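In this note's numbering, the protein residues as written are 11 to 321.
Just so it is clear, CB atoms sit at the ideal spot from N, CA and C, and this is done for glycine as well.
All figures in this text were calculated on a predicted structure; none of them were measured in a lab.
Beneath this line is the structure, given in structure tokens, with notes to follow.
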Ligand code: SAM
């Protein structure tokens with residue numbers, strides 16, 4: 011193995027987050043469109059495989075796929091099958107297309123899934139996702155159930171916490187995950203596309219969860235805390251103005267048009283790696299890692315609504 015990828019803040023890169031498409035079949039009111047690209051063709055199976063192979067030389071052993079909606083890629087199974095050996099391969103999906111493919115995804119090397127589900131109420135689900143028909147909600151629930159059967163576990167449920175929309179559903183979601191290989195991740199809304207009117211106080215929520223917890227553990231990723239509440243596992247993800255979160259970020263992102271992206275919250279330091287040899291890519295990867303810096307450095311707190319997000 012070659013030397014580890016460490017940025018100038020001492021943060022080791024151990025995982026890739028690859029957006030495989032900017033396309034999506036839902037229109038969530040808050041979406042930060044992490045995979046969205048304006049123009050440019052989608053990253054190919056070979057390009058993903060090459061990036062993963064070169065990163066793996068430096069000890070990167072985890073990859074998460076995202077989008078857009080990754081399962082809109084008909085060749086997603088090929089992408090999985092082309093990866094070098096990794097310790098953890100996962101995908102974040104809206105779950106609508108998961109059920110028919112879950113078993114095959116597992117066979118092709120997927121270890122686990124995160125499914126975005128912000129509400130257990132079909133009307134609210136439709137409000138949040140702009141989903142064009144009532145079937146999508148059922149498909150997501152079915153997707154979760156089939157993923158559990160296929161062993162894509164733990165299945166993590168991503169719930170963006172939205173003021174006046176689903177704040178009252180956390181207990182219901184905790185009950186949903188309790189006693190199963192499911193984990194609830196309640197995520198603070200980041201201010202994209204004027205969605206900030208839905209921003210809710212996750213710090214207060216975390217205090218409530220903590221007060222009910224039997225025990226907690228710290229994760230390496232972002233130093234997030236996992237709480238255990240009578241057989242339910244819950245995480246509260248607070249990315250905004252959280253210098254500890256940023257200081258413990260170990261991800262290098264890849265956009266759906268094949269650029270290395272040092273930070274979710276910046277678009278001004280992307281590194282295009284299309285058409286490179288492995289050695290050129292290796293150099294470009296080191297350059298991208300050199301460009302990494304924590305977005306929130308502290309100690310001066312920012313008001314969440316004043317945080318400038320990329321266009
Ligand atoms: N389509 C896939 C899905 O729904 O999971 C993958 C892409 S989606 C952008 C990845 C995750 O980002 C989802 O869990 C989503 O809820 C979360 N997300 C999107 N916009 C966000 C925002 N403004 N603040 C916090 N989380 C957000």
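Run through the DSSP bridge pairs and tell me what residue 237 is partnered with.
226, 244
Which residue wins for smallest C-alpha separation from residue 112, given the options 142, 186, 92, 86?
86
Do the region 157-167 and the region 202-217 make contact, defined as three or more Cβ pairs closer than 8 Å?
no
What's the call for residue 18, buried or exposed, on a 16-neighbour Cβ count within 10 Å?
exposed
If you run the structure through DSSP and keep just helix, strand and coil, what is residue 305?
Looking at residue 305 - three-state DSSP - the assignment turns out to be coil, as it is neither helix nor strand.
May I ask you to check if the CB of residue 167 is nearer than 7 Å to at least one heavy atom of ligand 1?
no
Under 7 Å: does the beta carbon of residue 252 sit that close to some heavy atom of ligand 1?
Placement of the Cβ of residue 252 at a distance of 7 Å or more from every heavy atom of ligand 1 is found.
Between residue 40 and ligand 1, is the CB less than 7 Å from at least one heavy atom?
yes
Under a Cβ-count criterion, where at least 16 other Cβ atoms within 10 Å of its own Cβ denotes burial, should residue 14 be classed as buried or exposed?
exposed
Under the assumption that residue 42 contacts residue 286 (Cβ atoms under 8 Å), give the Cβ distance between them as a whole number of angstroms.
In fact, because the Cβ distance is near 28 Å, the residues do not count as touching under 8 Å.
Using only CA atoms, which one of 191, 155, 271, 204 lies nearest to residue 238?
Among 191, 155, 271, 204, the Cα nearest to that of residue 238 belongs to 191.
State the Cα-Cα distance for the pair residue 297 and residue 271, rounded to the nearest angstrom.
11 Å
What's the call for residue 321, buried or exposed, on a 16-neighbour Cβ count within 10 Å?
Residue placement at residue 321 is poorly supported in this model, since its pLDDT is 46, which falls under 50; the coordinates still yield a value, given next. With fewer than 16 neighbouring CB atoms inside 10 Å of its own CB, residue 321 falls in the exposed class.
Under the rule that 16 or more other beta-carbon atoms within 10 Å means buried, what is residue 51, buried or exposed?
Its Cβ having fewer than 16 others within 10 Å, residue 51 is exposed.
Should residue 207 be flagged as near chain C, meaning a C-beta pair shorter than 8 Å?
This model lacks chain C altogether, as it is built from one protein chain only.
Just to check, is the beta-carbon of residue 77 closer than 7 Å to a non-hydrogen atom of ligand 1?
Correct: residue 77 has its Cβ closer than 7 Å to ligand 1.
DSSP three-state call for residue 139: helix, strand or coil?
helix
Measure the beta-carbon distance from residue 77 to residue 30 and round it to whole angstroms, keeping in mind my assumption that it falls under 8 Å.
6 Å
Rounded to whole angstroms, what's the CA-CA distance from residue 230 to residue 174? Just pull it up for me.
The C-alpha of residue 174 is placed about 32 Å away from the C-alpha of residue 230.
Bridge partners of residue 124, per DSSP?
102, 166
Any contact between the region 79-99 and the region 127-137? By contact I mean 3 or more CB pairs, one from each, below 8 Å.
no
Whose C-beta lies closer than 6 Å to the C-beta of residue 146 among residues of the same chain, with five residues either side of it excluded?
The beta carbon of residue 146 sits closer than 6 Å to those of 106, all from its chain and outside the five residues before and after it, given in chain order.
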